[in-house]
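Visitor: Quick one: this structure, given as structure tokens, is what I'll be asking you about.
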Amino acid sequence: MFKVGNVDASVEAVAHYNLLLTQAMFEALEAKGFLTKAEVAERLQKLKEETKLNFPPLQ
Numbered sequence: 239m240f241k242v243g244n245v246d247a248s249v250e251a252v253a254h255y256n257l258l259l260t261q262a263m264f265e266a267l268e269a270k271g272f273l274t275k276a277e278v279a280e281r282l283q284k285l286k287e288e289t290k291l292n293f294p295p296l297q
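Converting from the sequence shown to this note's numbering requires adding 238 to each position, the first position being numbered 1.
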């Protein structure tokens, strides 16, 4: 059951949490043989090309 209420978190904290959660999921799926890093990179590139948002290049 989830608790309902106010949560104080910065955008940076939420982004960092999402990054770690996503990385953990990809690593678990890769360890179980469901996908490879190359497949994730390929799909990410395809999604970047399909999206209308303009993301700044990662440095």
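A virtual CB, placed ideally from N, CA and C, is assigned to each residue, including glycine.
Where does Thr-260 fall in DSSP's three states?
Guide: Three-state result, Thr-260: helix.
Visitor: For the alpha helix (DSSP H) containing Leu-285, list its first residue and its last residue.
Guide: 275-288
Visitor: Confirm, please, whether the CB-CB distance from Phe-264 to Val-278 is below 9 Å.
Guide: yes
Visitor: So, with DSSP's three-state summary, where would you put Leu-291?
Guide: coil
Visitor: Can you list, in chain order, the residues of its chain whose CB lies under 8 Å from that of Leu-273, leaving out five sequence neighbours each side?
Guide: Phe-264, Leu-267
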